[in-house]
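Residue numbers (the working numbering): 6 to 171.
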């Protein structure tokens, strides 16, 4: 595997009425390193898609597509070996994504469908997972079952620090 920066960190961003939001600094540096602009200017490309299992978004750099595809193809091969037929939803769930530009301040516009799917309103909570960044609506995250307690606690902390009532 090539040398990549890991996505570690978290933060809360204000989403404007057009869906613009800024990637937190702790995650922006890794994203910029993994997807530098060809012209050398600040910013880059982020891919935004729905999470394959949870009501949130998954954001990653274009270089991760190759890695994700290989992982899904391996899952598909194991599924075929076990069940004798493919699970077409494996690729459908994991191929979701739209490439969008982000500027030097980390601002990007969340595509409409993924934002609606994840129920993201005025705020977006970002959480690095080494390979990608989860983006959640804070209330949806706090109501979710089966997600990490520390991630929910971090979301509560960031909302409280910004005076956002949940």
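Glycine included, C-beta positions come from ideal geometry on N, C-alpha and C.
In the DSSP annotation of this structure, the continuous segment of the alpha helix (DSSP H) that includes residue 154 starts and ends at 154 to 166.
Considered as a whole, the region 56 to 80 harbours 62 to 65 as its complete beta strand (DSSP E) runs of no fewer than 3 residues, in chain order. Of all alpha-carbon atoms in 169, 98, 111 and 161, the one lying nearest the alpha-carbon of residue 127 is that of 169.
With fewer than 16 other Cβ atoms from the protein chains shown falling within 10 Å of its own Cβ, residue 106 counts as exposed. By the neighbour-count criterion, in which a residue is buried when 16 or more other Cβ atoms sit within 10 angstroms of its Cβ, residue 88 is exposed. Three or more pairs of CB atoms, one per stretch, sit closer than 8 Å, so the region 99 to 117 contacts the region 53 to 71.
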